[in-house]
Amino acid sequence: MQTTTLGPRGPRVSVIGFGAWAIGGRNWGPTDDDVSRAALHAALDAGVTLIDTADVYGCGHSETLIAEVLRARGGEAARQRAGLLIATKAGNDFYHAAAADDRGYGPIRQNYDRDYLMTAAERSLRRLGVDALDILQLHSGDRAQLERDDPWDALATLKRQGKIRWAGWSVQSFQETAQADLLDARHGVLDCLQVRYNLLERDAERELLPRARRYGLGVIVRIPLLFGLLTGKFTPASTFGPDDHRRMNLAPEKLAEYLPRLAALQPLFERYPHQTRTQVALRFCISHPACHTTIPGAKTPGQVAENAAAGDLGPLTDDDLALVARLT
Numbered sequence: 002m003q004t005t006t007l008g009p010r011g012p013r014v015s016v017i018g019f020g021a022w023a024i025g026g027r028n029w030g031p032t033d034d035d036v037s038r039a040a041l042h043a044a045l046d047a048g049v050t051l052i053d054t055a056d057v058y059g060c061g062h063s064e065t066l067i068a069e070v071l072r073a074r075g076g077e078a079a080r081q082r083a084g085l086l087i088a089t090k091a092g093n094d095f096y097h098a099a100a101a102d103d104r105g106y107g108p109i110r111q112n113y114d115r116d117y118l119m120t121a122a123e124r125s126l127r128r129l130g131v132d133a134l135d136i137l138q139l140h141s142g143d144r145a146q147l148e149r150d151d152p153w154d155a156l157a158t159l160k161r162q163g164k165i166r167w168a169g170w171s172v173q174s175f176q177e178t179a180q181a182d183l184l185d186a187r188h189g190v191l192d193c194l195q196v197r198y199n200l201l202e203r204d205a206e207r208e209l210l211p212r213a214r215r216y217g218l219g220v221i222v223r224i225p226l227l228f229g230l231l232t233g234k235f236t237p238a239s240t241f242g243p244d245d246h247r248r249m250n251l252a253p254e255k256l257a258e259y260l261p262r263l264a265a266l267q268p269l270f271e272r273y274p275h276q277t278r279t280q281v282a283l284r285f286c287i288s289h290p291a292c293h294t295t296i297p298g299a300k301t302p303g304q305v306a307e308n309a310a311a312g313d314l315g316p317l318t319d320d321d322l323a324l325v326a327r328l329t
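Just so we're aligned, residue 2 is where the sequence shown starts under the working numbering, counting upward by one.
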């Protein structure tokens with residue numbers, strides 16, 4: 002597994018991380034906690050040193066599973082010796098919603114109030130069982146929330162208090178250009194960004210990634226496989242269950258848009274007959290000079306193994322990237 006530094010002032014990370022949204026047990030169809038734990042163990046055994054989660058994933062369940070695996074591997078001291086980093090997020094409030102379910106949680110709403118973010122960070126600390134949050138990221142806020150001082154003050158305060166080591170911002174999907182200018186005033190608070198970026202969605206290249214380089218920010222790439230579409234396993238007839246966000250995000254009209262564009266990339270995949278589409282797609286995500294690591298989701302040890310293998314292969318060549326530009 003290759004490693005890199007997450008920007009000029011960031012930590013050392015594996016170029017392939019582990020995205021822990023799916024194991025939260027909501028929005029990705031059925032999951033099995035035992036299989037999820039096995040997937041996490043497989044990632045760590047493969048040299049993955051970055052796990053990305055969020056407090057809202059499964060309303061805390063993803064963080065809880067990660068904590069269980071950390072304890073099974075020797076706890077906080079062992080984690081720090083291994084250089085394993087946990088990145089989490091806050092800003093989607095599932096604690097204080099008006100209508101609660103039988104677990105006390107209600108509909109999720111954005112909440113970027115300073116006091117809420119401070120409280121959310123404390124709860125993530127307790128769930129994860131760590132001394133400090135390695136990376137805390139603002140979680141896909143809209144512009145009105147991010148134009149306020151509160152979220153940035155919360156990050157700065159938590160860092161001063163030693164409760165977080167690095168501060169990040171997970172940029173809202175499809176707002177990569179519209180929100181890029183916020184970095185001009187706020188980059189001093191941040192150490193890293195998380196951006197939506199993959200072979201078929203490259204809007205971040207326009208303004209966000211150049212600004213990240215200008216301001217010396219690390220970049221974590223999310224949705225590198227476009228919710229599994231870039232693996233090649235979906236067809237125009239693919240459907241998803243009621244508890245699977247892809248029912249909307251890969252609805253028939255979206256598949257009709259994406260699949261022909263994916264087919265156009267066949268010449269790229271043919272250059273690497275001994276690599277899976279997944280691995281080629283992940284290699285693309287660490288090829289841009291502004292991008293440092295990517296966090297494909299995985300629900301099983303087999304998916305982890307395929308993803309992690311891309312970390313041994315390194316970025317695509319300049320000629321490959323020129324081909325992608327021509328084909329897309």
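Here a beta-carbon is modelled for each residue, glycine too, at the ideal position from N, C-alpha and C.
Cutoff 6 Å; reference residue i; Cβ partners in own chain excluding five residues on either side
i, result
"residue 219", "7, 8, 11, 193 and 293"
"residue 155", "115, 118 and 119"
"residue 159", "122 and 165"
"residue 311", "17, 280, 283 and 284"
"residue 171", "90, 138, 140, 141 and 195"
"residue 106", "In this prediction, residue 106 scores a pLDDT of 49, lower than 50, which makes its location untrustworthy; no coordinate-derived value is stated."
"residue 44", "19 and 305"
"residue 25", "58, 59, 62 and 63"
"residue 136", "88, 167 and 169"
"residue 80", "71"
"residue 241", "247 and 248"
"residue 202", "none"
"residue 2", "15, 48 and 312"
Neighbourhood of residue i by C-beta distance below 8 Å, restricted to the same chain and skipping five residues each side
i, result
"residue 307", "277, 279 and 280"
"residue 103", "Only weak support is given to the placement of residue 103: the predicted model assigns it a pLDDT of 48, under 50, and the value that follows is read from those uncertain coordinates. Closer than 8 Å at the Cβ level, and outside the excluded window around residue 103, lies no residue."
"residue 268", "324 and 328"
"residue 237", "253, 256, 257 and 260"
"residue 245", "28, 29 and 30"
"residue 214", "290 and 291"
"residue 144", "176, 179, 180 and 183"
"residue 128", "56, 61, 64, 65 and 68"
"residue 86", "12, 14, 50, 51, 52, 135 and 136"
"residue 314", "276, 280 and 284"
Reference residue i; option with closest CA among the options
i, options, result
"residue 207", "181, 138, 169 and 23", "181"
"residue 52", "236, 131, 88 and 244", "88"
"residue 189", "175, 153, 199 and 224", "153"
"residue 243", "43, 252, 77 and 237", "252"
"residue 318", "272, 291 and 297", "272"
"residue 325", "176, 287, 266 and 289", "266"
"residue 288", "297, 255, 151 and 322", "322"
"residue 46", "64, 148 and 71", "71"
"residue 49", "177, 309, 302 and 146", "309"
"residue 174", "146, 223, 148 and 147", "223"
"residue 54", "93, 200 and 315", "93"
"residue 29", "38, 248 and 65", "248"
"residue 295", "258, 200 and 129", "200"
"residue 286", "241, 250 and 210", "210"
"residue 187", "204, 275, 124 and 148", "148"
"residue 78", "37, 32 and 131", "131"
"residue 221", "124, 320 and 205", "205"
Endpoints, the alpha helix (DSSP H) within which residue i is located
i, result
"residue 23", "Counting along the chain, residue 23 falls outside any alpha helix (DSSP H), and DSSP gives it neither H nor E."
"residue 193", "Not the alpha helix (DSSP H): residue 193 falls in the beta strand (DSSP E), residues 193-197."
"residue 277", "Here residue 277 belongs to no alpha helix (DSSP H), and DSSP marks it neither H nor E."
"residue 65", "62-73"
"residue 120", "115-129"
"residue 269", "267-271"
"residue 79", "76-83"
"residue 303", "302-310"
"residue 37", "34-46"
"residue 327", "319-328"
Cutoff 7 Å; reference residue i; Cβ partners in own chain excluding five residues on either side
i, result
"residue 126", "134 and 164"
"residue 184", "212 and 216"
"residue 151", "113, 114 and 115"
"residue 13", "4, 6 and 84"
"residue 302", "39, 40 and 43"
"residue 34", "66"
Segment limits, beta strand (DSSP E) that includes residue i
i, result
"residue 53", "51-53"
"residue 14", "13-15"
"residue 87", "86-91"
"residue 136", "134-140"
"residue 5", "4-6"
Contact test: residue i Cβ vs the ligand FAD heavy atom, cutoff 7 Å
i, result
"residue 16", "In terms of ligand content, the structure shown is empty, and the ligand FAD therefore cannot be addressed."
Cβ-Cβ separation, residue j to residue i (assumed contact under 8 Å), whole Å
i, j, result
"residue 23", "residue 300", "5 Å"
"residue 239", "residue 256", "6 Å"
"residue 260", "residue 231", "So it is not a contact: roughly 11 Å between Cβ atoms."
"residue 297", "residue 225", "5 Å"
Which runs of the alpha helix (DSSP H), 4 residues or longer, sit entirely within the stretch 144-186? 144-147 and 151-161
Whole runs of the beta strand (DSSP E) within the stretch 185-253, excluding any shorter than 3 residues: 193-197 and 219-223
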